[in-house]
Each structure stands twice: as C-alpha cells, then as structure tokens.
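Peer 1: This structure is in structure tokens; I'll ask about it shortly.
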Amino acid sequence: MSYRRWKFVEERLVHPLDNVVESQWRILVEVWEKDVKKQEMCAVNKENMKKQNFHHTTGSKPHAKCAAEKSGRRPKRHEVFEVTHTKKKKTEDPDEVLMEPEVAAELKEMKEVEIQASQPSSRLCYKDDMMHLQKCEDEIKGVVFAV
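Numbering of the sequence shown is given in our numbering, commencing with residue 1144 and proceeding in unit increments.
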C-alpha cells in the first residue's frame, strides 16, 4: 500500500502503511500534509526523477564499494557504471535482459574512451579519481593520472 495512492487526507488516515504504528500514523499524515517545505521538496524531486536517463540498481550502498567488492581492486569508471546499472539475474533464462539497451550503449562508449585515454598518443587523461575525463593541458598531455 502506498501513501500516494489515497488522494484525500481522510482516506490516508483510514489506510495506514503496514510498517507504521497506528498511534503515530495520524501525526505523520498531519506533518506530511502541512509541511510546505516537504511538499516543495517532493515536487522538485519528482521533476528531477523525470530527467534521469539511467537508474542505478545498487540501492544505498556506495557505487565504488559495490564495484570494488566484485572486482577485488579499485574499480575503473566503466566498471562502477556496469555494476551499478546491471540488474540482478532473477531467472535461469539465458535471454533475460540484465541491462537496458541505452545503458549498454553508454557503457560501450565509456570503455572506448578508456581505451583511447590509455594510449600514449592520447590527449585524454583521467582526473579526480577516474570519475571525470578531460582534455589534458599541453604540459601534461598523454599522462594518465589514475588507472
């Protein structure tokens, strides 16, 4: 059961969430309904969610930690992206889709950029813990800061 399912306060009061104690339910509903800042924040969050292109699949665990646990070493940018955007296998079906096509295309592009950046003649380098690629300045061109 969802809080948003009910359009009117009276309906919400009659249908408490399963994980909330009844004695606290009325207080929560009143706070959620009257707090203008919370309502504004919810509206902003709703708009931001609409703008998201890819959704991660790791919950609240830090992305780098997920990738490091899988590889056993400090992960590269594309490895973090792959681990955090691949769905967990739910069936034995070999054709089960674990990654959306748009996500797969983004991952492929990241891998290609990483390969290009690792070439000695490349004008790309890693900056800020491998999470951002930028063109190198002339005095440091071809240098990879972190691999």
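Where is the CB? At the ideal position from N, CA and C, for every residue including glycine.
Please classify Lys1204: is it buried, with 16 or more other beta-carbons within 10 angstroms of its beta-carbon, or exposed?
Peer 2: Residue 1204 sits at position 61 when you count from the first residue of the sequence shown. Exposed, because fewer than 16 other Cβ atoms sit within 10 Å of the Cβ of Lys1204.
Peer 1: Under 8 Å by Cβ, that's how I've got Leu1171 and Val1163 pegged, so tell me the actual separation to the nearest angstrom.
Peer 2: Taking the first residue of the sequence shown as position 1, residue 1171 is located at position 28. Taking the first residue of the sequence shown as position 1, residue 1163 is located at position 20. Leu1171 to Val1163, Cβ: 6 Å. Contact.
Peer 1: Would you decide whether Glu1282 is buried or exposed? Buried here means 16 or more other CB atoms lie within 10 Å of its CB.
Peer 2: Here residue 1282 is taken as the residue at index 139 of the sequence shown, counted from 1. Below a pLDDT of 50, predicted positions are generally treated as unreliable, and Glu1282, at 40, falls in that range; the measurement from the model is reported next regardless. Residue environment analysis places Glu1282 among the exposed positions, since fewer than 16 neighbouring C-beta atoms fall within 10 angstroms of its C-beta.
Peer 1: Quick one: residues in its chain with C-beta nearer than 7 Å to the C-beta of Glu1225, no 5 flanking neighbours on either side, listed in chain order?
Peer 2: Numbered from 1 along the sequence shown, position 82 holds the residue referred to as residue 1225. Taken in chain order, the residues that qualify are Leu1250.
Peer 1: Hey, would you say Cys1209 sits closer than 7 Å to Thr1201, going by beta carbons?
Peer 2: The residue labelled residue 1209 in the question sits at position 66 within the sequence shown. The residue labelled residue 1201 in the question sits at position 58 within the sequence shown. Yes, Cβ-Cβ distance for Cys1209 and Thr1201 is below 7 Å.
Peer 1: Which residue from Val1240, Lys1254, His1198 puts its Cα closest to that of Thr1227?
Peer 2: Against the sequence shown, residue 1227 aligns to sequence position 84. Restricting attention to Val1240, Lys1254, His1198, the CA atom closest to the CA of Thr1227 is found in His1198.
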